[in-house]
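Following: one structure in structure tokens, then a few remarks.
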Amino acid sequence: MALKSEVFKFSLNVADMDRQVYGDFPLTVARHPSETEARMMLRVLAFALNADQRLEFGRGISTDDEPDLWRKSLAGDIELWVELGTPDPDRLRKACGRADQVLLYCYGDRATPVWWDKHGAALARLDRLRVFQLDDATCGALGELARSGLQLQCTIDGGVAWLSAGEVSLQASPVELKA
């Protein structure tokens, strides 16, 4: 019998001073059995960093033809494609062919530099791609926040996200590897 995804419901309040986006976003996030809580919460952070009423989660890590997050135009064109991790460069090339903008949030203090050294030069030619890295400490702290019913406040200013949930607060500073 296959394991089922665990469903988390979050209340996310975003105040993005950089993009002038403010709002409340009720989120329902399915965590695949093979996905860690840290990665799931990184998806929530990526949502907060790109918050929009039309931004939605893809079907999950087991789906090859969808990103972790995407925003489509009213006509169905893909405006934004958001990936997490260190995907195959071919996947990112295909995403750049399908979407107006592709964002990649890498994580893993050991894996990301190796992956970037290997593929960075080839990915530099993709004009629609921006690449960011988050450190392991931030990802671990995000994972510790994971619980259904979480009320999360995210304030973004100068590319830095300040997150708070009850008495816990943390700062996430994605480092831009490729503009």
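The working numbering runs 1017 ahead of the 1-based position in the sequence shown.
Every residue gets a Cβ at the ideal spot worked out from N, C-alpha and C, and that includes glycine.
Residue burial classification, residue i (beta-carbon count within 10 angstroms, cutoff 16)
i     : result
V1046 : buried
D1085 : buried
L1091 : exposed
D1033 : buried
P1191 : buried
V1119 : buried
Bridge partner(s) assigned by DSSP for residue i
i     : result
C1156 : For C1156, which the question treats as bridged, DSSP gives no partner whatsoever.
T1050 : The residue asked about is misnamed: residue 1050 is Pro in this sequence, not Thr. Paired residue(s): none; P1050 is not in a bridge.
L1169 : L1029
Length of the line joining the Cα atoms of residue i and residue j
i     : j     : result
V1024 : R1164 : 10 angstroms
E1184 : V1177 : 20 angstroms
K1026 : L1167 : 7 angstroms
R1076 : A1065 : 18 angstroms
T1103 : I1095 : 21 angstroms
R1110 : L1143 : 7 angstroms
F1149 : P1050 : 26 angstroms
L1020 : P1043 : 25 angstroms
D1117 : W1098 : 8 angstroms
C1113 : P1130 : 22 angstroms
Inter-residue CB distance, residue i and residue j (contact presumed, cutoff 8 angstroms)
i     : j     : result
L1072 : R1060 : Contact doesn't hold; Cβ gap of about 11 angstroms is too wide.
K1195 : R1147 : 6 angstroms
G1175 : D1035 : 7 angstroms
G1160 : T1053 : 6 angstroms
Three-state secondary structure (DSSP) of residue i
i     : result
E1161 : helix
K1089 : strand
P1104 : coil
G1125 : coil
P1191 : coil
P1084 : coil
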